[in-house]
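Worksheet: one structure, shown below.
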Amino acid sequence: METIARNMKPGADSPLSFSEIRIQNGELSYEDGDGRISENLRGIDLSLAWPSISRSFAATGQFDWRGERVDGSISLGDFLAALSGERSGLKIKVASPRLKFAFDGTVANPVSLIMEGTLSADSASLREALRWIGQPPPGSGGFDRFALKARASVIGSSVALTNVNIEIDGNVAEGVMTYANNGRQTLQATLAAGTLDFTPYVKTIRLLASGARDWNRQLFDLHALSATDLDMRLSAAKVIVGSTRLGKTALGANLRNGSLALSIGEAQIYDGVAKGSFAISHAEEAADVKAQFQLIDVDLQACVSDLFGTGRLSGRGNLNVSLEARGSSPYGLAQSLDGTAVLTGHDGAISGFNVEQLLKRLERRPLSGGGSFRNGKTPFDKLNAALNFHDGVAVATDVRIEGPAARLTLTGTASVPSRDYDLKGTASLTSAGADNFELPFVVQGPWDDPLVFPDPESLIRRSKASAPLLDAVRDRRARDAVRSVIERLTNHKAGSGADLPDGAGGSGTSHPN
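All residue numbers for the sequence shown refer to numbering that gives the first Met the number 0, where the first residue is 0 and numbers rise by one.
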């Protein structure tokens, strides 16, 4: 190239030029200085134009690269200036089944490559385009339809994009981006959007198995965390994640050395506000996860349904969560879950049972049964629940529910891996005229459909007719008397006719005694 530039300069003995050169079935091999890039182009069919009356140079044609037939063209406004490292106009167009790319601007190479101009690119599948150019696509969902337009500035291996307009999977955003490849790829971006839909990127992350009651045991694929360093700031008027809808949201994402950190400055969610952070890192073939967030004045029914898979709680409230876990699958994370959660609520209800109605009925008829214990709603004015998590077990340390007519307290555990309850509580009436009747009860079974039933001993004690029987059974002398009668009856049935009372043996008659 230096020889060509030298012979093109004015005053050269034999200036070079040609009107057109065609290359058919050619091959090009390229390697950069440090050997990081090695490429081969085959099946090259090109037309090279270098008119003697013009300073321009153009090449147009086709070639095969990585199994795809590519149409391309390149033109230089001042070929001599470009060969000498000076500024020249540059136009590039590349079109393949995987990706289309165009650049219109200037190029110079005084010490390192410098390009400035307008850049555009689009692809029917960004995931397939990344694979084609040798870049591992992140995750396993989304990254399909893609389009980009921006003002580009290239210095060496760094690219700065301004006036960015980017579209991916139907999401459209504007802002600035930078990309560098200095041994490790780094992407930085600040983008703003109207609506962002993250569903394509999280729909392949299945926390629950197909049965919807068991945690998914499929192993995580965390290799994408090690491919690229990322520092991104996103703001949107609306964010969609599956069935969850967020309003105005400011989100930060930082990926470095295999660790991803997400921070939410503020997001409008469940008619309230969310703040917090989420971190996941790759540690010995397992995911190390930490989450801290606050939900302030949210709709509890939508919130609890999304987070815990049950829609039995309604009202407004706050939720403070600090959790961490390590595992190679969602089930592994559930087994190792540690941390705390505090829920406060007001002006709501718990569906599935009506405590006031049940207590009033059992006040009158303690042994009338609890068939309707799974029906109705229990309204509350205040709700407080504090949970401590250790190795996947949530211990209820302080659960109190106070309503206009009834009060409930709960203690016990909830297993995160098996997604079930083992709780005990006490319900009491608070309305005027109540006689301080307290009913112990039990909550057991799966999160989405637990069994709630009263303590039978307390109901027997409440019954004037049945309480003496319970006391009699508990009294030792009465218990011994009952046992003696049972033993006599058992012996009578097992013995011969000679052992029976007079008149009973072999007569075929029965005695009611």
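Backbone N, C-alpha and C define an ideal beta-carbon position, used for all residues, glycine too.
Just so we're clear, the structure is a prediction, and the values are computed from it rather than from any experiment.
### Task
Leaving out five residues on either side along the sequence, give the residues of the same chain with a beta carbon under 7 Å from the beta carbon of Arg76.
For the purposes of this step, residue 76 is taken as residue 77 along the sequence shown, with counting starting at 1. The question names Arg, but residue 76 in the sequence shown is Gly. Excluding positions up to five away in sequence, the list reads Ser55, Ser87, Gly88.
### Query
Excluding five sequence neighbours on each side, which residues of the same chain lie with their C-beta closer than 6 Å to the C-beta of Asn39?
For the purposes of this step, residue 39 is taken as residue 40 along the sequence shown, with counting starting at 1. The residues are Ser28.
### Query
Considering only residues of the same chain and omitting the five flanking positions on each side of Lys423, which have a CB-CB separation below 8 Å?
As a position in the sequence shown, residue 423 is number 424, starting the count at 1. So the qualifying residues of the chain are Leu409, Thr410, Gly411, Pro439, Phe440, Val441, Val442.
### Query
How many angstroms separate the CA atom of Gly174 from the CA atom of Leu98?
Looking up residue 174 in the sequence shown gives position 175. Looking up residue 98 in the sequence shown gives position 99. Their backbone Cα atoms lie some 22 Å apart in a straight line.
#### Entry: Gln300, buried or exposed, once every other Cβ within 10 Å from all chains shown has been counted against 16
Numbered from 1 along the sequence shown, position 301 holds the residue referred to as residue 300. Buried, because 16 or more other Cβ atoms sit within 10 Å of the Cβ of Gln300.
### Message
Do Ser313 and Ala348 count as a contact pair if the criterion is CB distance below 8 Å?
### Response
Along the sequence shown, read from residue 1 onward, the residue named residue 348 stands at position 349. Along the sequence shown, read from residue 1 onward, the residue named residue 313 stands at position 314. Contact flag set, yes.
### Query
Whole alpha helix (DSSP H) runs in the region 129-156 with 4 or more residues, listed along the chain?
none
### Task
Pull up the distance between the alpha-carbon of Ser552 and that of Thr194, whole angstroms please.
The displayed coordinates of the chain run from 0 to 512. Any statement about residue 552 would go beyond what the structure contains.
### Message
In this structure, how does DSSP classify Ser530 when only helix, strand and coil are distinguished?
### Response
Outside the shown range of the chain (0 to 512) lies residue 530, about which nothing can therefore be said.
### Task
For my contact list, Ser234 and Ala191 are in at a C-beta cut-off of 8 Å; report their separation, rounded to the angstrom.
Working through the sequence shown from its first residue, we reach residue 234 at position 235. Working through the sequence shown from its first residue, we reach residue 191 at position 192. The pair is a contact, with the Cβ atoms about 5 Å apart (cut-off 8 Å).
### Message
For Leu382, which residues in the same chain have their Cβ closer than 6 Å to its Cβ, ignoring the five residues on either side in sequence?
### Response
Taking the sequence shown and counting its residues from 1, the one referred to as residue 382 is at position 383. These residues qualify, in order along the chain: Gly344, Ile400.
### Query
For Glu401, which of helix, strand or coil comes out of DSSP?
Position 402 of the sequence shown, counting from 1, holds the residue named residue 401. In this structure, Glu401 counts as strand in the three-state DSSP scheme.
### Message
Using the Cβ count rule (16 or more neighbours within 10 Å means buried), how would you classify Ala123?
### Response
Against the sequence shown, residue 123 aligns to sequence position 124. Exposed, by the Cβ-count rule.
### Query
In three-state terms, what does DSSP make of Gly331?
As a first step, residue 331 must be located in the sequence shown, where it is residue number 332. Three-state result, Gly331: helix.
### Task
Classify Glu1 as buried or exposed, calling it buried when 16 or more other Cβ atoms lie within 10 Å of its own Cβ.
Working through the sequence shown from its first residue, we reach residue 1 at position 2. So Glu1 ends up on the exposed side.
### Task
Pick out the complete beta strand (DSSP E) segments inside the region 97-122, 3 residues or longer, and give them in chain order.
99-107, 113-122
### Query
Candidates Pro96, Ile167, Ala146, Ala249: which alpha carbon is nearest Leu261's?
Residue numbering aside, residue 261 sits at position 262 when the sequence shown is read from its first letter. Closest by alpha carbon: Ala249.
### Query
Can you check whether the CB of Ala4 is closer than 8 Å to the CB of Leu79?
Numbered from its first residue, the sequence shown carries residue 79 at position 80. Numbered from its first residue, the sequence shown carries residue 4 at position 5. Contact flag set, yes.
### Task
Could you check how far apart the C-beta atoms of Gly251 and Tyr200 are, in whole angstroms? I think they sit under 8 Å.
For the purposes of this step, residue 251 is taken as the residue at position 252 of the sequence shown. For the purposes of this step, residue 200 is taken as the residue at position 201 of the sequence shown. Contact doesn't hold; Cβ gap of about 16 Å is too wide.
### Task
Kindly identify the DSSP beta-bridge partner or partners of Ala384.
Residue mapping note: residue 384 aligns to position 385 of the sequence shown, counting from 1. For Ala384, which the question treats as bridged, DSSP gives the partners Leu342, Val398.
### Query
To which residues does DSSP link Tyr420 through a beta bridge?
Within the sequence shown, the letter at position 421 stands for residue 420. The partner list for Tyr420 (beta bridge, DSSP) reads Ala413, Gly444.
### Query
Can you give the beta carbon distance from Gln50 to Ser18, rounded, assuming they're within the 8 Å contact cut?
Taking the sequence shown and counting its residues from 1, one reaches residue 50 at position 51. Taking the sequence shown and counting its residues from 1, one reaches residue 18 at position 19. Reading off the sequence, residue 50 comes out as Pro, not Gln. With 8 Å as the limit, Pro50 and Ser18 qualify as a contact, their Cβ atoms being about 6 Å apart.
### Query
Closest to Asp298 by CA distance: which of Asn162, Glu166, Leu450, Arg244 is it?
For the purposes of this step, residue 298 is taken as the residue at position 299 of the sequence shown. Ranking the options by Cα distance to Asp298, first place goes to Arg244.
### Query
Taking the DSSP output, what are the residues bridged to Ser74?
For the purposes of this step, residue 74 is taken as the residue at position 75 of the sequence shown. According to DSSP, which records beta bridges pairwise, Ser74 is partnered with Ala57, Lys90.
### alpha helix (DSSP H) segment containing Phe219, residue limits
Position 220 of the sequence shown holds residue 219. Segment: none, Phe219 is in no alpha helix (DSSP H) and carries neither H nor E.
### Identity of the residues DSSP links to Val175 by a beta bridge
As a working mapping, residue 175 is identified with position 176 in the sequence shown. According to DSSP, Val175 bridges with Thr189.
### Query
Looking at C-beta atoms only, is the number of pairs between the region 413-423 and the region 272-286 that lie closer than 8 Å three or more?
no
### Message
So, with DSSP's three-state summary, where would you put Ile3?
### Response
For the purposes of this step, residue 3 is taken as the residue at position 4 of the sequence shown. Ile3 falls in the helix class under three-state DSSP.
#### Entry: Gly377 classed as buried or exposed, judged by whether at least 16 other C-beta atoms fall within 10 angstroms
What you label residue 377 is simply residue 378 of the sequence shown in a count that begins at 1. Sequence inspection shows Thr at residue 377; the Gly mentioned does not correspond to that position. Counting Cβ neighbours within 10 Å, Thr377 comes out buried, since at least 16 surround it.
### Closest by C-alpha distance to Ile20, when choosing among Ala81, Ile36, Ala48, Asn6
Locating residue 20 in the sequence shown gives position 21, where the first residue counts as 1. The shortest Cα separation from Ile20 among Ala81, Ile36, Ala48, Asn6 belongs to Ala48.
### Message
Contact between the region 104-111 and the region 124-135 is defined here as three or more beta-carbon pairs at a separation below 8 Å; is this criterion met?
### Response
no
### Query
Cα-Cα, which of Ile43, Leu221, Asp337 is closest to Tyr135?
For the purposes of this step, residue 135 is taken as the residue at position 136 of the sequence shown. Correcting the residue identity first, residue 135 is Pro in this sequence and not Tyr. Per the Cα distances, Leu221.
### Query
For Arg315, which of Leu45, Ser276, Asp397, Asp346 has the nearest alpha-carbon?
Looking up residue 315 in the sequence shown gives position 316. Ranking Leu45, Ser276, Asp397, Asp346 by Cα distance to Arg315 puts Asp346 first.
### Query
For Arg232, which beta-bridge partners are listed by DSSP?
By 1-based counting over the sequence shown, the position of residue 232 is 233. Per DSSP, Thr189, Gly251.
### Top-ranked residue by Cα proximity to Gly310, from Gly351, Val272, Ala286, Gln293
Locating residue 310 in the sequence shown gives position 311, where the first residue counts as 1. That would be Gly351, whose Cα lies nearest to the Cα of Gly310.
### Message
Tell me the DSSP secondary structure of Glu19 in three-state form.
### Response
As a position in the sequence shown, residue 19 is number 20, starting the count at 1. Strand at Glu19.
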